[in-house]
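Peer 1: Just passing along the structure, written as structure tokens.
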Amino acid sequence: MYSQKVVDHFTHPRNQGHMETPDGVGKVGNPVCGDVMYIYIKVKDGIIEDIKWETMGCAAAIAVSSMITELAKGKSIEEAEQITRNDVANALEGLPPIKMHCSNLAADGLKKAIEDYRSKGERKKEEVA
Amino acid sequence: MKRIYFDHSATSAVDPRVLEVMLPFFEKKYGNPSSLHHQGQEAAEALQEAREKVARVINAQPEEIIFTSGGTESNNTAIKGAAFAALTGKSSKRHIIVSQIEHDCVLNACRWLEKMGFEVTYFPVDNYGLVDLEALRKAVRKDTLIISIMHANNEIGTVQDIAEIGKIAHEYGAYFHTDAVQSIIKLPLDTKQMNVDMLSVSSHKIHGPKGVGCLYVKKGTKIDPLLHGGGHERGFRSGTENISGITGFAEAVKIGEEERPTVMPRIQNLRDILIKGVLEIENTWLNGHPTQRLPINAHFCFRFIEGESLILRLDLKGISASTGSACSSKSLQPSHVLLAIGLPPEDAHSSLRLTLGRDNTTEDIEYTLEVLPEVVADLRKISPFKGSFQ
């Protein structure tokens, strides 16, 4: 059912963990649906310097969380927000059709984390002004 | 790596003794039981012998056994067959009662019958999965044609008080059907004591071949066939009989029933050790009834993790388990059974079903109790929820 790559990321997740003082957090999904993903980013000079995640979900949800952090780490936030669900699914050598929504969740989670980072930046500017 | 199979409610290995009974019917005894010649009569005799074997185990008459392709067909034949007979005959009864925790083949047959003009009551169960008998009595109507409530649930293992439900049905002149796919050879089945008019059984969950089973239909019960044709199975199920499958099925029923008094207490003992050990994991509970349950079944929820990732991690450690019903594992919906017993959807996603069989050993249980807490802890470490869903 799952590709070798999915199984690899599911059993050996990368960048997994909680982040105490992130610059941005993206929380997506709903426990009622069985999938919840938190993505934390640390940004320095416009670059995603560190990224972590916590996920409750199926093997696909865990693998996409791991994979998107690999894809986003070290990229500029502009580059990172261009990552699509298909990029995540392709990097995992495909997902079963019924699990494609999981890759959507990861892409959305990262976008939300970036939005959160930007809105914090706006608030800081306002505070300074 | 050693593999441990804990999915006997999904299917089971064919017993070598069963296979031995089946094999001659492929190359040597290949006759069609409807044929008058030697080979045909040889097959007809084997068919009759199989019918007698199954009938004896469930305390029925041989002619009350209709061989089918398995549980799904048996359940469809019972419910749709009764409904069709009401439509084509003189009965004006158009009401059906089933429990909310029936197998999908019962529920979906009923949903389809609603389109045909039948009214269906999907009767609730309590937190253990039990039907409340007094409430059921109130739900039965003069126009109730049939009540269908499963003997033992395939997910949570809860065993209903079938004899009492049968009494209620008969008080109101309704037929009573029970799906006994999970309970045959695990529990004693007696069609007379159980007050059933129809009872469904499948072969492949009891070390028999796949693609065969039967429906017991009490004499005088009016059902129309789903399959019309040459009038096999006394007109209830046309199509040349699956002789190898039927002989294997009957042998599996016979062996299972003979060995039940020794095998089931041993399995139940292992299952109880397993439950006790698993419940030491925090934020974990047993679903289903604590005592009124199938001896082979253990069904848990592990809060804050998702069932599919749990079974895949266990699979990588050599343990074959399931989240609930193998049929629904491809859908993303939480189990209708777990929702019916009152679990919120977020908990219904976190389920694990372990169903034991006669080949499981103490070592299997010990290994599982070593691996499962680690896997659960690992997935909880990944989960954003640590002590609540906030």
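One line per chain: the protein sequences are G and L, in this order. Position one of the first sequence corresponds to residue 226 (my numbering), numbered consecutively onward. Position one of the second sequence corresponds to residue 2 (my numbering), numbered consecutively onward. Glycine residues also receive a C-beta, built at the ideal position from the N, C-alpha and C atoms.
From which residue to which residue does the alpha helix (DSSP H) around L/THR263 run?
Peer 2: 244 to 279
Peer 1: If we call anything under 7 Å between Cβ atoms a contact, is L/PHE301 one with L/LEU373?
Peer 2: no
Peer 1: I'd like to know whether the C-beta atoms of L/PHE386 and G/MET262 end up nearer to each other than 7 Å.
Peer 2: no
Peer 1: May I have the straight-line CA-CA distance separating L/GLY158 from L/ASP133, to the nearest angstrom?
Peer 2: 17 Å
Peer 1: Could you tell me which of L/THR69, L/SER351, L/LEU200 and L/ILE186 sits nearest to L/PHE177, measuring between CA atoms?
Peer 2: L/LEU200
Peer 1: Looking at the structure shown, is L/ASP180 part of a helix, part of a strand, or coil, going by DSSP?
Peer 2: strand
Peer 1: Of all Cβ atoms in chain G, is any one closer than 7 Å to the Cβ of L/PRO125?
Peer 2: no
Peer 1: Touching or not, the segment 249 to 262 of chain L and the segment 213 to 223 of chain L, by the rule of three or more beta carbon pairs under 8 Å?
Peer 2: yes
Peer 1: So, with DSSP's three-state summary, where would you put L/THR396?
Peer 2: There is no way to answer for residue 396 of chain L, as the model of chain L reaches only from 2 to 391.
Peer 1: For L/HIS300, decide whether its Cβ has a neighbour in chain G, counting only Cβ atoms nearer than 7 Å.
Peer 2: no
Peer 1: If you measure from the beta carbon of G/GLU279 to each beta carbon in chain L, is any gap under 7 Å?
Peer 2: yes
Peer 1: Per DSSP, G/GLY251 is paired with what?
Peer 2: According to DSSP, which records beta bridges pairwise, G/GLY251 is partnered with G/ILE264.
Peer 1: Is the distance from the Cβ of L/ARG95 to the Cβ of L/PHE119 below 7 Å?
Peer 2: yes
Peer 1: From L/PRO25 to L/HIS229, what distance separates their C-alpha atoms?
Peer 2: C-alpha separation (whole angstroms): 29 Å.
Peer 1: Could you please tell me which residues of the segment 373 to 391 of chain L, in chain order, have their CB closer than 7 Å to any CB of chain G?
Peer 2: ILE383, SER384, PRO385, PHE386 and PHE390
Peer 1: Residues of the segment 259 to 273 of chain G with a CB closer than 8 Å to any CB of chain L: list them in chain order, please.
Peer 2: GLY259, ASP260, VAL261, MET262 and TYR263
Peer 1: Is the Cβ of G/LYS349 closer than 7 Å to any Cβ of chain L?
Peer 2: no
Peer 1: How many whole angstroms separate the CB atoms of L/PRO34 and L/ILE244, which I take to be in contact at a CB cut-off of 8 Å?
Peer 2: 7 Å
Peer 1: In the DSSP assignment, what are the bridge partners of L/ASP8?
Peer 2: In DSSP, L/ASP8 forms a bridge with L/THR356.
Peer 1: What would DSSP say about L/SER329, mapped onto helix, strand or coil?
Peer 2: With a pLDDT of 49 at L/SER329, under the threshold of 50, the modelled position of that residue is not reliable, and the figure given next carries that caveat. Helix, per DSSP.
Peer 1: Just to confirm the assignment, what range does the alpha helix (DSSP H) spanning G/ALA284 have?
Peer 2: The continuous alpha helix (DSSP H) containing G/ALA284 extends over residues 284 to 297.
Peer 1: Does G/HIS237 get closer than 7 Å to chain L when you measure Cβ to Cβ?
Peer 2: no
Peer 1: Identify the continuous alpha helix (DSSP H) that holds L/GLY41 and give its terminal residues.
Peer 2: 39 to 58
Peer 1: Anything in chain G within Cβ reach of L/ILE306, meaning under 8 Å, just list it in chain order.
Peer 2: MET281
Peer 1: Using 7 Å as the threshold, is the C-beta distance between L/GLY319 and L/ASN128 below it?
Peer 2: no
Peer 1: Using a beta-carbon distance below 7 Å, is G/ALA332 in contact with chain L?
Peer 2: So no, G/ALA332 is outside the interface.
Peer 1: Sorted by chain position, which residues of the same chain lie with C-beta nearer than 6 Å to L/ALA153's C-beta, five sequence neighbours on each side aside?
Peer 2: Only VAL160, GLN183, SER184 and LEU295 meet the Cβ criterion.
Peer 1: Please report whether the beta-carbon of L/SER323 lies at a distance below 7 Å from any beta-carbon of chain G.
Peer 2: It does not: the Cβ of L/SER323 has no partner Cβ on chain G nearer than 7 Å.
Peer 1: Residues of chain G with CB closer than 7 Å to the CB of L/LEU317, please, in chain order.
Peer 2: Annotation: Cβ neighbours of L/LEU317 in chain G (cutoff 7 Å, chain order): THR236.
Peer 1: Are the C-beta atoms of L/SER36 and some chain G residue less than 7 Å apart?
Peer 2: no
Peer 1: Are the CB atoms of L/SER336 and L/ALA349 within a distance shorter than 7 Å?
Peer 2: yes
Peer 1: What in chain L is Cβ-close to G/GLN229, meaning under 8 Å?
Peer 2: Going along chain L, no residue has its Cβ under 8 Å from G/GLN229, so there is no contact; the nearest lies around 13 Å.
Peer 1: For L/TYR217, which three-state DSSP category applies?
Peer 2: In this structure, L/TYR217 counts as strand in the three-state DSSP scheme.
Peer 1: Looking only at its own chain, which residues have a Cβ that is under 6 Å from the Cβ of L/ARG138, when we skip the five neighbours before and after it?
Peer 2: ILE169
Peer 1: Quick one, are the C-beta atoms of L/SER204 and L/PHE237 less than 7 Å apart?
Peer 2: no
Peer 1: Assign L/THR75 to one of three DSSP states: helix, strand, or coil.
Peer 2: The amino acid occupying residue 75 of chain L in the given sequence is Ser; Thr does not appear at that position. Of the three classes helix, strand and coil, the one that applies to L/SER75 here is helix, per DSSP.
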